[in-house]
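Trainee: Sharing a structure below in structure tokens format, with a few things to ask.
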Amino acid sequence: MQETAETTTLLWPLAVYGAIVLSLVLLILGLSYVLGQRGHGRAMGETYEGGIVSAGGARIRFSSQFYMVAMMFVIFDVETIFIFAWAIAFPELGWYGYFGVLVFIAMLVVVLVYEWRNGALDFGPDGKKILAAYKRMLQKPSLN
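Numbering that gives the first Met the number 0 numbers the first residue of the sequence shown as 0 and each following residue consecutively.
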């Protein structure tokens, strides 16, 4: 019987929190319904209505560089989470944890150098190609 009393004691703050969240959601939805605009503009019936008339199609091609940058952001963002967790637990980990995080950072530096050498960080055109094209343009005889 004592386990049930402890469980009930531990669950009532969660129930109060859930009731507060639910009441706030209902309040915000109700206020937006009462106070919201009901006008119908020219672009209201469009697929991506936002009050602005669309100027083109939604099928835009992204280069693969965009996805490489996004993946690298996720990888290095997760790295910061691990390092932050290590910094919090540093007093308990001691030197063993310090060397562990050094190995972790070294592995990520190796990955960064690998990605850099493979061209994952090359966002624009190659400068050497631009100079070669410029030299070819200067060597062409003018038609004037």
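Ideal placement from N, C-alpha and C gives every residue a C-beta, glycine not left out.
These numbers come from a predicted model, not from an experiment.
Please state whether DSSP places Leu119 in a helix, a strand or coil.
Mentor: Leu is not the amino acid found at residue 119; the sequence shown has Ala there. Coil, per DSSP.
Trainee: Output the boundary residues of the alpha helix (DSSP H) element that contains Ala131.
Mentor: Residues Gly126 to Gln138.
Trainee: Helix, strand or coil: which one does DSSP assign to Ile87?
Mentor: Helix at Ile87.
Trainee: Return the Cβ separation of Val222 and Trp85 in integer angstroms, given the expectation that the two are a contact with Cβ distance under 8 Å.
Mentor: Since the displayed the chain opens at 0 and closes at 143, residue 222 lies outside it and no answer follows.
Trainee: Since Phe81 and Phe103 are thought to touch, with beta carbons under 8 Å apart, how far apart are those beta carbons, to the nearest angstrom?
Mentor: Between Phe103 and Phe81 the Cβ distance is about 7 Å, and since that is below 8 Å, they are a contact.
Trainee: Would you report the Cα separation of Met67 and Ala119, rounded to the nearest angstrom?
Mentor: Taking the straight line joining both Cα atoms gives about 6 Å.
Trainee: Taking only the alpha-carbon atoms, compute the straight-line gap between Phe75 and Leu9 and give it to the nearest angstrom.
Mentor: Rounded to whole angstroms, Phe75 to Leu9 spans 38 Å at the Cα level.
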